[in-house]
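J.: Counting the sequence shown from 1 gives a position; the working numbering is that position plus 36.
One structure, pasted below without further comment.
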Amino acid sequence: RCPTLLVWGARDPVVTLQRAGRGAERAIPGSHLVSLDTGHSPFAEDPEGFLASVMPFLERAIAEPSTARNAAAGT
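Here you go:
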């Protein structure tokens with residue numbers, strides 16, 4: 037019911053993008069998956085890229101809370 041952003045490392049050797057990342061995106065209705073060219077810790081390996089993905093998502097969620105909730109709920 038809430039907006040969900042998944043930020044995944046495309047080169048994560050432990051929790052792979054293709055299996056776990058895409059699976060998480062399918063399992064969470066309305067979620068959005070962003071992959072960065074990193075390993076297991078995108079926030080630490082590419083902080084600028086991480087923030088470039090997260091900040092607009094948070095700004096949209098704050099600016100349009102009811103729209104974001106309705107989109108996540110499928111209404």
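For each residue, glycine too, the CB sits at the ideal point set by N, CA and C.
Computed from a predicted structure; not experimentally measured.
Per the DSSP calculation, His76 is bridged to which residue(s)?
T.: Locating residue 76 in the sequence shown gives position 40, where the first residue counts as 1. Paired residue(s): none; His76 is not in a bridge.
J.: Does the contact criterion of 3 or more C-beta pairs under 8 Å hold for the region 39-52 versus the region 64-80?
T.: yes
J.: For Trp44, I'd like the list of residues in its chain whose CB is within less than 6 Å of its CB, leaving aside the five on either flank, ordered along the chain.
T.: Along the sequence shown, read from residue 1 onward, the residue named residue 44 stands at position 8. Cβ neighbours of Trp44 beyond the five flanking positions: Leu53, Gly57 and Ser71.
J.: Tell me which residue opens and which closes the alpha helix (DSSP H) that Gly59 is part of.
T.: To locate residue 59, count along the sequence shown from 1; it is residue 23. DSSP places Gly59 inside the alpha helix (DSSP H), whose first and last residues are Arg58 to Ala63.
J.: What's the C-alpha gap between Pro30 and Glu100?
T.: The requested residue 30 does not occur in the structure, where the chain is confined to residues 37 to 111.
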